[in-house]
Amino acid sequence: MQDEVATLLEKTASTERMAQSRYSQRIQVCMGTACMALNSEQVKTALEHAVIENGIQKQCQVQRVGCPGLCSLGPMLRVIDKTITAEANEPRETLYQQITPEVAPAIVTSLTPAAQPTSALDAHRCEVADTFFKRQVKVVLEHCSHIDPERIEDYIAHGGYRAIQSVLTEWTPQRVIDSITKAGLRGRGGAGYPTGLKWATVAKANSSNGKKYVICNGDEGDPGAYMDRSVMEGDPHRVIEGMMIAAYAIGASQGYVYVRAESPLAAKRLRVAIRQAQRAGLLGNNIAGSAFHFDIELRLGAGAFVCGEETALIASIEGGRGQPRPRPPYPAESGLWGCPTLINNVETFANIAPIIDKGWEWYAGIGTAKSKGTKVFALTGQVKTSGLIEVPMGITLREIVFDIAGGIPNNRQFKAVQTGGPSGGCIPEKFLDMPVDYESLAKVGSIMGSGGMIVMDDSTNMIEVARFFMEFCMDESCGKCVPCRVGTVQLHRLLSKFVDKTATPADLIKLEGLCKLVKHTSLCGLGQAAPNPVISTLNYFREEYEQCLKPSP
Amino acid sequence: MSKTLTLNGQMISAREGESILDAARDAGVSIPTLCHMNGVGDVGACRMCLVELAGSGKLVPACTTKISEGMEVNSDTPQLREYRRMLVELIFSERNHVCAVCVANGNCELQDLAIHVGMDHVRYDYLYPAENVDVSHPMFGMDHNRCILCTRCVRTCDEIEGAHVWDITARGIKSHTITGLAEPWGEVNTCTSCGKCVMACPTGAIFKLGATVAEMEKDREKLAFLKNARERREWV
Amino acid sequence: MANKVKLATVWLGGCSGCHMSFLDLDEWLFDLAQQVELVFSPIADVKIFPEGVDVALIEGAVANEDNLALVKRVRACSKMIISFGDCAVTGNVTALRNILGPNNAEQVLQRAYHDVQNLQPQSPRFVVEDCVTNTLHEIVPPLLPQVLPVHAVVPVDVYLPGCPPPAPRIRAVLTQLLAGNTPQMIGREMLKFG
Amino acid sequence: MTTVKTDTRYKLVEATLRRHGYSANALIEGLHTVQEAWGYLDPDVLRWLARTLKLPMSKVYGVATFYNRFVLKPQGEHSCVVCLGTACYIKGAPNTLKKIEHDLHLTPGMTTADQRVSLLKARCMGSCGLAPVVVMDGTLVGKVSPEQVTERLQEWLA
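Chains L, Z, U and Y, in that order, give the protein sequences.
With the numbering used here applied, the first sequence closes on residue 612, and no number is skipped along the way.
With the numbering used here applied, the second sequence closes on residue 250, and no number is skipped along the way.
With the numbering used here applied, the third sequence closes on residue 195, and no number is skipped along the way.
With the numbering used here applied, the fourth sequence closes on residue 160, and no number is skipped along the way.
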């Protein structure tokens, strides 16, 4: 029975590879949310028409893929031409940017045997690709922008579901957990809790009714962050496979993926992927002929940032108000419906299959001593090239901001980079050469967070930034505990006094005192981290606050 | 099974599974509370009962945190005292608490707490929200100006009476206590008019119609009595 | 008499209940009079708040422009000021109009002088000459957009809550002050609002 | 409750509830379907949903109002969602919102009196590469200028 699945995977993979090898030319169009907003769907249709018109449909395939990362330059597309080999016998790959349906036919024409050299496409060649991708290491995003996210066959042809297959046939749950532990993977949702340790705790936990659950937290609510959405859109099967391996390791038979309602495309792709996996017998009962049962249900969030907090997310899946509850007990002991529950973030799950596939030694070789592997960031704000990047842990902020993103536009000066969204802090220039890892970011008063990274130039008013985040936390506070419900409102009022230049020195003292109170006494992470943007701007840009004090009468 | 822990430097013993709050009360140490009420489940929302755990220095709510062997708990440090006062100030700043014209003046847990934490004035700006008073019920009234969102009425109605007439709507500073589909209380036909929410309310928010200033006395132990009677068949 | 403590009591936006409670000190007022000189008070005919005051008891919230000007002068002229009663400490009943939102003055005046009057509703809005400053101003000082507790306008040294503060509480505070101590506002007897 | 039988929209909600075995935890999924079918959460439908799932009314209302996505009032024919996420904020989204508020006298959460246009704000649409973004009738428009948005809104209102 188990061999059957192995055969199935092999057969699917070889059929798919054969099918794909028939084409010598491939045009991969990004169908991520950002590019689709810029009409990439029409671009794809135009390309398909042009392929037929030019009669090259037997050699040239137009393919839907996930996000290559250069979201500000969309619609993006990649042309892979095997008829022309570049270095080391690799087929030539060309990345094009800002393609409109009108420009699309020219791309197809350039692939016909009779093509004449033309300058029509010069303006669309992606010039920044070299510098943008040079420092990146793609683990989580390795398939994004290379495979069709709505075809399980494409995922399998790229080695997908090989990890779960070997886990089910050859690995004990303990070995899986040991591998994840040794790989040094830490939670990518923000706090950086060791993933292996979390899995081990849930695996050991007793369940009164024998049930355990796996939850994939796709409630990526940080403003300025869209890493998880891109992974779910670009490589949904990767997430499913990660959840399956986790379920096997901890002994769960039911999983939930919680996706924000604001990411309809991610939800759609996951739905398609879950159905495909169920049809292929990869989800359901007796998977791969083993005694392992596992299925996944998709749950749509309804717009509440606090649901990214694990106990709030559980309350929401249970159909209630997404309010956190005090921990302990942790979900690992008592989570969904009181059962031991493993909650990991999308990116964490997307790291699992490669760790199993390539070995923990390989994974532990990337990154720093305490922060292993890579991290995906959504780089936005005042940089020349914004987009989605994946970098090895330990890279410096300077490399990210100046090498990858090309620095600050409009001849302005760098002022700060904000990581961790409303729970993070603003990092000033003096820390630009600091390595990006969990400990270093925490040391300077920020957090890794889920991966939002916003660059600000010298025109930015830091108090307004702090107030912006405080307004966010105030609006998103669930209202359960007093310090967060009322404290954030009072902090927002105090910050407004600074913005309006009516604050007194006593207000500055009150501001600092309240930050401390809200940080130390709030019930959940949202409240505890809400003062961080204020604390960090007070630390590094205190003079801006002092300049806003009302002149004493 | 009995466990030993340290509370404010004193060794005390407590039953396994007991909360820090109960263990402290058994040992004669009172920890201030507000959203906690004997007889209904705890939610750890008001943060008044936060205590400090030695070692980590972490603050945890005494009402929802279970004791463990060798635990070292401090319930009364200068830091905790300052935080508690600030929390009470925040509650006073949130709605329109005017003790002088409140039915619960003299019988109010929030007022008592303000005295306990030594609140002589509120340092934060009052928010002065425009709140409704719902007197549509034939026997009781709800004055949202005095509601502190402790959810004791919600839990009492759900856990003891079983009617679940009350709940919380919206979120954050916009949170409100509601009856039914946010309808006037008097129009909610699931309300049994049992009056348990009136007893549960720590302030003058839920009151008996006709009660005037400082008249509204509440017997909260009735609710714990009922719970014992119903669940354990013990009438104490 | 030179070393007598200079005491002032001030009446801002409040009902004068705190002053009534002060008068409830009854015969102790004689003892008090031995130790203090009452330099400014609604019960003393003094027009301008004097300089060099030792202790000022301020009843009422800051509700109109007169209150605002007076409380600033009181602060500038007094060594110690005491927020006297709930209106001064919290805004209390005086501040209930704040619930109507900012700029509620018109609404409040309409309600007080028109809506609830049966006969001849009219706004008391004629202009008079101030005999001290020789300036013209409205007889009813313009209301502030929001009623404020005293400490929201000037720094306050001691808070003496209560609506009104019971006479024994006032006595306890004054006794401590006259003995040269900072009053200890602790416990139900000293701190209960309402 | 004759509407239950005649209004086919109830069938859509029933289908969702059936998929979850009419369990109480299907509440949010049910609310999603109600909103898709009606465009908003109608009080009568909420009552029906509460009874069908055997839940207290106050709980259903509490859940429905906790989440931003759910609206309790009918929305306008057209919708305009201004993203106020960090990237959009840094790139000038507040100016867009100010211009709309100024030109159309609308504040977020409001619908024009003629029920033509609803103005909403969002906390990050996750399309930060295109900041500032606005979603007009469900279509995401990136790198948008305040003028572009108000022009489009004027067209809707014309």
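Quick reminder that beta carbons are idealized off the backbone N, C-alpha and C, glycines included.
Closer than 9 Å to chain Z by CB, residue i
{"i": "residue 194 of chain U", "result": "yes"}
{"i": "residue 84 of chain U", "result": "yes"}
{"i": "residue 21 of chain U", "result": "no"}
{"i": "residue 111 of chain Y", "result": "no"}
{"i": "residue 56 of chain U", "result": "no"}
{"i": "residue 477 of chain L", "result": "no"}
{"i": "residue 533 of chain L", "result": "yes"}
{"i": "residue 5 of chain Y", "result": "Reliability fails at residue 5 of chain Y, whose pLDDT of 49 lies under 50, so the model's placement of it is uncertain and no value is given."}
{"i": "residue 60 of chain L", "result": "Because residue 60 of chain L sits at a pLDDT of 49, beneath the cut-off of 50, its placement in the model cannot be relied upon, and the following sentence gives the value as read from the coordinates. No, no contact with chain Z."}
{"i": "residue 76 of chain Y", "result": "no"}
Local Cβ density within 10 Å of residue i, reported as buried at 16 or more and exposed below that
{"i": "residue 132 of chain U", "result": "exposed"}
{"i": "residue 176 of chain Z", "result": "exposed"}
{"i": "residue 409 of chain L", "result": "buried"}
{"i": "residue 35 of chain U", "result": "exposed"}
{"i": "residue 390 of chain L", "result": "buried"}
{"i": "residue 249 of chain Z", "result": "exposed"}
{"i": "residue 601 of chain L", "result": "exposed"}
Cutoff 9 Å: residue i Cβ touching any chain L Cβ
{"i": "residue 139 of chain Z", "result": "yes"}
{"i": "residue 120 of chain Y", "result": "no"}
{"i": "residue 108 of chain Z", "result": "yes"}
{"i": "residue 70 of chain Y", "result": "yes"}
{"i": "residue 34 of chain Y", "result": "yes"}
{"i": "residue 184 of chain Z", "result": "yes"}
{"i": "residue 143 of chain Y", "result": "yes"}
Sub-9 Å separation of residue i and residue j beta-carbons
{"i": "residue 80 of chain Z", "j": "residue 31 of chain Z", "result": "yes"}
{"i": "residue 506 of chain L", "j": "residue 484 of chain L", "result": "yes"}
{"i": "residue 167 of chain Z", "j": "residue 205 of chain Z", "result": "no"}
{"i": "residue 134 of chain Z", "j": "residue 162 of chain U", "result": "yes"}
{"i": "residue 607 of chain L", "j": "residue 581 of chain L", "result": "no"}
{"i": "residue 416 of chain L", "j": "residue 218 of chain L", "result": "yes"}
{"i": "residue 599 of chain L", "j": "residue 570 of chain L", "result": "no"}
{"i": "residue 500 of chain L", "j": "residue 478 of chain L", "result": "yes"}
{"i": "residue 33 of chain Y", "j": "residue 361 of chain L", "result": "yes"}
{"i": "residue 241 of chain L", "j": "residue 421 of chain L", "result": "no"}
{"i": "residue 442 of chain L", "j": "residue 460 of chain L", "result": "yes"}
{"i": "residue 200 of chain L", "j": "residue 88 of chain L", "result": "no"}
{"i": "residue 357 of chain L", "j": "residue 298 of chain L", "result": "no"}
{"i": "residue 170 of chain Z", "j": "residue 51 of chain Z", "result": "yes"}
{"i": "residue 84 of chain L", "j": "residue 140 of chain L", "result": "yes"}
Proximity test, Cβ basis, 9 Å: residue i and chain Y
{"i": "residue 285 of chain L", "result": "yes"}
{"i": "residue 402 of chain L", "result": "no"}
From the options, residue whose alpha carbon lies closest to that of residue i
{"i": "residue 79 of chain U", "options": "U:195, U:153, U:10", "result": "U:10"}
{"i": "residue 193 of chain Z", "options": "Z:186, Z:178, Z:39, Z:164", "result": "Z:178"}
{"i": "residue 157 of chain L", "options": "L:141, L:535, L:98", "result": "L:98"}
{"i": "residue 504 of chain L", "options": "L:589, L:432, L:563", "result": "L:589"}
{"i": "residue 57 of chain Y", "options": "Y:15, Y:105, Y:29, Y:102", "result": "Y:29"}
{"i": "residue 67 of chain Z", "options": "Z:54, Z:87, Z:125, Z:77", "result": "Z:87"}
{"i": "residue 474 of chain L", "options": "L:480, L:488, L:464, L:407", "result": "L:488"}
{"i": "residue 165 of chain L", "options": "L:428, L:110, L:400, L:558", "result": "L:110"}
{"i": "residue 11 of chain Z", "options": "Z:207, Z:20, Z:34, Z:160", "result": "Nothing about residue 11 of chain Z can be reported from this structure: the residues present for chain Z run from 15 to 250 only."}
Proximity test, Cβ basis, 9 Å: residue i and chain U
{"i": "residue 93 of chain Z", "result": "no"}
{"i": "residue 113 of chain Z", "result": "yes"}
{"i": "residue 147 of chain Z", "result": "no"}
Can you confirm whether the stretch 442 to 451 of chain L touches the stretch 260 to 279 of chain L when touching is taken to mean that 3 or more C-beta pairs between the two stretches lie within less than 8 Å? no
Examine the Cβ distances between the stretch 59 to 71 of chain U and the stretch 89 to 106 of chain U and report whether three or more of them are shorter than 8 Å. yes
Quick check: the stretch 180 to 192 of chain L against the stretch 140 to 159 of chain L, are there 3 or more CB pairs under 8 Å? yes
Do three or more CB pairs link the stretch 337 to 357 of chain L to the stretch 93 to 107 of chain Y at distances below 8 Å? no
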